[in-house]
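The end of the sequence shown is residue 780 by full-length UniProt numbering, with every number in the run present.
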Amino acid sequence: MHWRETARWIKFEEDVEEDTARWGKPHVASLSFRSLLELRKTIAHGAVLLDLEQTTLPGIAHLMVETMIISDQIRAEDRANVLRALLLKHRWVACGQGLLGLGDQGMGTSSLLVCILPWQKNPHLHNSEGHRKYLKLMEKIPEDAEATVVLVGCVQFLEQPTMAFVRLNEAVFLESVLEVPIPVRFIFVLLGPSQANMDYHEIGRSISTLMSDKVFTGYGGEGQPKGGLAFPCSIPVLHVPPELCEVKAEEEEEEAEDDPLKRTGIFFGGLVRDIKRRYPKYLSDIRDALHSQCLAAVLFIYFAALSPAITFGGLLGEKTEGLMGVSELIISTSVLGILFSLLGAQPLLVIGFSGPLLVFEEAFYKFCQTQGIEYLTGRVWIGLWLIVFIFIIVAAEGSFLVRYISPFTQEIFAFLISLIFIYETFYKLGLNASMLPPNTALLSLILMLGTFFIAFFMRKFKNSRFLGGKARRIIGDFGIPISILVMVLVDYTITDTYTQKLNVPSGLSVTSPHKRGWFIHPMGSSGTFPMWMMFASAIPALLVFILIFMETQITTLIVSKKERKLLKGSGFHLDLLLIGTMGGLCALFGLPWLTAATVRSVTHVNALTVMSKAIAPGEKPKIEEVKEQRVTGVLIAALVGLSIVMGNMLRQIPLAVLFGIFLYMGVTSLTGIQLYERLLLIFMPSKHHPDHIYVVKVKTWRMNLFTCIQLACIVLLWVVKSTVASLAFPFVLIMTVPLRRFVLPRFFHDRELKALDSEDAEPNFDEDGRDEYNELHMPV
Numbered sequence: 001m002h003w004r005e006t007a008r009w010i011k012f013e014e015d016v017e018e019d020t021a022r023w024g025k026p027h028v029a030s031l032s033f034r035s036l037l038e039l040r041k042t043i044a045h046g047a048v049l050l051d052l053e054q055t056t057l058p059g060i061a062h063l064m065v066e067t068m069i070i071s072d073q074i075r076a077e078d079r080a081n082v083l084r085a086l087l088l089k090h091r092w093v094a095c096g097q098g099l100l101g102l103g104d105q106g107m108g109t110s111s112l113l114v115c116i117l118p119w120q121k122n123p124h125l126h127n128s129e130g131h132r133k134y135l136k137l138m139e140k141i142p143e144d145a146e147a148t149v150v151l152v153g154c155v156q157f158l159e160q161p162t163m164a165f166v167r168l169n170e171a172v173f174l175e176s177v178l179e180v181p182i183p184v185r186f187i188f189v190l191l192g193p194s195q196a197n198m199d200y201h202e203i204g205r206s207i208s209t210l211m212s213d214k215v216f217t218g219y220g221g222e223g224q225p226k227g228g229l230a231f232p233c234s235i236p237v238l239h240v241p242p243e244l245c246e247v248k249a250e251e252e253e254e255e256a257e258d259d260p261l262k263r264t265g266i267f268f269g270g271l272v273r274d275i276k277r278r279y280p281k282y283l284s285d286i287r288d289a290l291h292s293q294c295l296a297a298v299l300f301i302y303f304a305a306l307s308p309a310i311t312f313g314g315l316l317g318e319k320t321e322g323l324m325g326v327s328e329l330i331i332s333t334s335v336l337g338i339l340f341s342l343l344g345a346q347p348l349l350v351i352g353f354s355g356p357l358l359v360f361e362e363a364f365y366k367f368c369q370t371q372g373i374e375y376l377t378g379r380v381w382i383g384l385w386l387i388v389f390i391f392i393i394v395a396a397e398g399s400f401l402v403r404y405i406s407p408f409t410q411e412i413f414a415f416l417i418s419l420i421f422i423y424e425t426f427y428k429l430g431l432n433a434s435m436l437p438p439n440t441a442l443l444s445l446i447l448m449l450g451t452f453f454i455a456f457f458m459r460k461f462k463n464s465r466f467l468g469g470k471a472r473r474i475i476g477d478f479g480i481p482i483s484i485l486v487m488v489l490v491d492y493t494i495t496d497t498y499t500q501k502l503n504v505p506s507g508l509s510v511t512s513p514h515k516r517g518w519f520i521h522p523m524g525s526s527g528t529f530p531m532w533m534m535f536a537s538a539i540p541a542l543l544v545f546i547l548i549f550m551e552t553q554i555t556t557l558i559v560s561k562k563e564r565k566l567l568k569g570s571g572f573h574l575d576l577l578l579i580g581t582m583g584g585l586c587a588l589f590g591l592p593w594l595t596a597a598t599v600r601s602v603t604h605v606n607a608l609t610v611m612s613k614a615i616a617p618g619e620k621p622k623i624e625e626v627k628e629q630r631v632t633g634v635l636i637a638a639l640v641g642l643s644i645v646m647g648n649m650l651r652q653i654p655l656a657v658l659f660g661i662f663l664y665m666g667v668t669s670l671t672g673i674q675l676y677e678r679l680l681l682i683f684m685p686s687k688h689h690p691d692h693i694y695v696v697k698v699k700t701w702r703m704n705l706f707t708c709i710q711l712a713c714i715v716l717l718w719v720v721k722s723t724v725a726s727l728a729f730p731f732v733l734i735m736t737v738p739l740r741r742f743v744l745p746r747f748f749h750d751r752e753l754k755a756l757d758s759e760d761a762e763p764n765f766d767e768d769g770r771d772e773y774n775e776l777h778m779p780v
């Protein structure tokens with residue numbers, strides 16, 4: 001006779017399929033009410049041993065048997081038989097080898113479940129000797145895991161059921177009890193005759209499911225509800241030791257002390273703290289780049305950065321009649337990107353041009369045209385005023401104002417930028433198609449959609465069940481380069497249809513050499529720039545400052561969310577000073593202003609995110625770490641600059657392919673925005689709503705009202721940016737801050753706003769690293 005393993009719990013339940021001798025799929029356990037009542041009754045009348053000092057299975061078994069005799073569950077003459085049953089050998093299901101020793105003599109169930117105890121660390125968990133064939137399973141179990149062994153079976157020598165529940169004082173490794181080397185904290189035993197009116201297996205499933213539930217294991221039994229299914233106070237509960245509570249409090253205090261938005265009260269105090277916080281980690285910023293995932297991120301983000309530089313450059317050339325275009329935007333993106341990656345406090349930010357800046361440039365160019373003012377000279381004075389504003393704000397530690405930019409405004413801004421990406425894709429494609437033959441327009445559409453869908457499904461392929469985990473990750477990481485290569489080859493093979501190719505300038509020349517040079521004189525080309533405009537430029541400079549401040553700081557907030565697990569910190573003051581100052585100086589050379597690009601920055605962080613393999617079956621993967629370093633940013637910006645040298649190669653890429661990347665970035669960035677999630681819920685029956693905080697704690701119609709208010713703000717911003725009042729776009733955007741802070745509290749309760757402002761929606765993480773747990777359970 002032996003104990004055979006028939007089920008285990010690593011958050012979810014897994015059962016051994018009897019016919020195929022393999023593990024079934026992880027699933028949420030479904031328990032019967034009767035089995036829970038029987039379990040409650042059994043525990044109330046059984047033997048409960050708490051905080052045993054024993055470290056071996058025989059020692060534990062002896063104490064259990066003696067307690068069973070004392071509590072009149074078994075007779076003294078049954079001592080030897082019960083003890084022999086408890087010490088029988090255990091047989092488990094081997095990965096990929098079927099069942100070990102499964103026969104007709106299996107007397108019961110040896111069930112493994114894992115309870116996560118965050119305050120209990122076991123550093124030797126993954127270093128234990130033996131069990132090498134279970135390393136794949138060990139990767140799925142967190143390092144701070146402890147186990148409960150549930151032994152349930154029928155024996156004929158007992159006249160009535162007997163139960164024992166043991167909680168060990170210290171979790172110990174019990175040799176040959178579990179299939180993996182995990183310390184055991186709890187043991188549950190239920191033996192009895194087959195004639196008893198009791199379903200032993202269901203009771204075993206019930207206690208296993210309860211012990212794998214964090215809420216249940218954290219319930220102390222005090223203040224139990226009257227009636228219902230309350231369990232006795234003897235249910236074992238592990239409490240956090242006081243000394244660990246003190247450690248946690250100290251960590252929270254240190255975290256508050258290291259808050260990058262905390263004011264020092266000293267001029268440039270925040271800037272000095274940013275430098276002291278971030279620069280000591282400079283060497284690690286170089287070392288951490290030595291990883292294959294960083295190479296994949298460079299190739300991916302290179303095209304993701306080049307695409308908007310080319311597309312926005314083309315649009316900028318059209319809006320300004322060639323005074324600034326692709327050439328200027330590529331050089332600006334490259335030079336500023338390299339400098340920021342080397343000096344910035346958050347080098348994971350990707351510096352680039354954005355839709356709101358394009359709106360401003362178009363509006364200011366039209367204003368200069370109507371006033372007879374030189375556009376590029378006006379930008380020089382705006383740049384000088386911009387530097388003044390930046391220094392004032394940084395000196396006064398004004399970045400603390402970002403605290404008042406709630407998720408309400410962040411979501412509106414991020415959603416609007418994603419919409420601009422998507423809109424500009426189809427607008428540009430439609431504009432080109434209207435001037436080209438039908439076959440060219442059709443092929444361009446196919447190339448764009450082909451690039452988008454290949455990249456999109458490559459991203460999804462990472463989480464599929466085809467091939468191995470490493471192969472899926474490699475294919476998923478290089479999805480963008482693969483999609484570009486495939487569609488370029490498709491275009492190359494179709495020789496009888498013309499497609500518009502990427503227009504990359506040859507050498508370091510301006511877009512329109514006959515109109516301007518590389519240096520813009522502050523007094524104008526003819527020395528007639530009006531004096532009043534030198535001072536009036538402060539007003540449009542303030543608008544540019546608002547755009548750069550909001551987009552840079554909001555992007556940093558989004559990137560630095562706690563759930564992304566960045567460890568090296570950010571520096572709002574230092575990054576703002578660098579981006580604003582470099583942007584102001586760019587105006588002297590007729591280069592576009594840049595800012596931290598939200599979509600590209602989030603995509604960059606996603607590409608550098610390493611997901612944990614230690615996940616329960618059926619559970620979503622969690623972030624293990626992010627490769628925080630400076631090298632990828634430098635290489636990406638350098639490659640963008642070298643695109644001018646690689647002109648012959650890049651001119652083979654159809655423009656429609658870059659539109660596909662543009663569309664991909666816009667669509668994928670939407671999925672991480674809570675506003676987008678709530679927008680979908682409007683068209684979904686309530687019974688299908690997920691259990692997010694903003695769904696559970698806010699009535700559906702009020703949640704939808706909040707969503708509609710945000711949509712109204714987006715519509716208003718879109719209308720403003722599309723009309724002659726587009727210069728006022730930054731002011732309208734910043735008005736969403738007082739709207740949320742002072743107006744909405746009059747219509748929504750504080751608890752509702754707190755739930756709606758929560759970051760309960762999953763961030764847009766690429767779930768790379770998810771080795772499907774079912775790989776462990778493939779049939780032989």
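Positions of the beta carbon are idealized from the N, C-alpha and C atoms, including for glycine.
Here the segment 5-15 makes contact with the segment 203-214; the two share three or more CB pairs at distances below 8 Å. Ranking Leu290, Thr148, Leu717 by CA distance to the CA of Val732 puts Leu717 first. For Val359, same chain residues with a beta-carbon under 7 Å away, outside a window of 5 residues either side, are Lys721, Ser726, Phe729 in chain order. Fewer than three pairs of CB atoms, one per stretch, sit closer than 8 Å, so the segment 644-660 makes no contact with the segment 389-409. Annotation note: the segment 546-625 contains the following uninterrupted alpha helix (DSSP H) runs of length 4 or greater, listed N- to C-terminal: 572-586, 598-607. The alpha-carbon separation between Pro26 and Val16 amounts to approximately 11 Å. Here Asp15 carries a strand assignment [DSSP, helix/strand/coil].
Contact check for Leu547 against Val380 fails: the beta carbons are separated by 8 Å or more.
The DSSP-derived three-state label of Pro260 is coil. In this model, Ser509 and Leu585 are separated by some 19 Å (Cα to Cα).
Sequence-distant partners of Ile417 (beyond 5 residues in either direction) whose C-beta falls short of 7 Å from its own C-beta, in its chain, are Ser354, Gly355, Thr598, Val599. Distance from the CA atom of Trp593 to the CA atom of Glu563, rounded to whole angstroms, is 31 Å. Comparing C-alpha distances from Ile301 to each of Pro280, Ile623, Thr333, Ser526 shows the shortest one belongs to Thr333. Pro280 has no beta-bridge partner at all, per DSSP. Taking a contact as a CB-CB distance under 8 Å, the pair Phe478 and Leu299 counts as one, their CB atoms being some 7 Å apart. As a beta-bridge residue in DSSP terms, Pro654 pairs with Lys501. Met163 has Leu190 as its beta-bridge partners, per DSSP. Here the segment 147-164 makes contact with the segment 176-188; the two share three or more CB pairs at distances below 8 Å. At a Cβ-Cβ threshold of 8 Å, Ile636 and Phe340 do not count as neighbours. The way I'd put it, the segment 362-374 doesn't touch the segment 383-393; fewer than three beta-carbon pairs between them come closer than 8 Å.
Between the alpha carbons of Gly450 and Ser483 lies a distance of about 8 Å. Contact fails between the segment 511-521 and the segment 487-497, because fewer than three Cβ pairs, one in each stretch, are under 8 Å apart. Taking Val394 as the centre and dropping the five residues before and after it, the same chain places the C-beta of Phe268, Leu271, His573, Leu576, Leu577 closer than 7 Å to its C-beta, in chain order. Look at Ala7 here: in three-state DSSP terms it is strand. Sorting Leu753, Leu168, Gly571 by C-alpha distance to the C-alpha of Pro347 places Gly571 at the top.
Between the C-alpha atoms of Leu485 and Met523 there is a straight-line separation of about 48 Å. Secondary structure at His291: coil, using DSSP grouped into helix, strand and coil. Counting C-beta atoms within 10 angstroms of its own C-beta, His692 has 16 or more neighbours from the protein chains shown and is therefore classed as buried.
Rounded to the nearest whole angstrom, the C-alpha separation of Gly317 and Ser327 is 10 Å.
C-alpha of Leu711 to C-alpha of Gly325: approximately 32 Å in a straight line. For Trp532, the number of other beta carbons within 10 angstroms of its own is below 16, and it is reported as exposed. Ile74 and Ala44 have their C-alpha atoms spaced approximately 16 Å apart. Here Thr632 has Cys294, Ala297, Val298 as same chain residues with Cβ atoms under 6 Å from its own Cβ, once five neighbours each way along the sequence are excluded.
Contact fails between the segment 550-563 and the segment 422-432, because fewer than three Cβ pairs, one in each stretch, are under 8 Å apart.
DSSP, read as helix, strand or coil, puts Thr723 in coil. One thing to note: Lys697 has its Cβ within 8 Å of the Cβ of Ala755.
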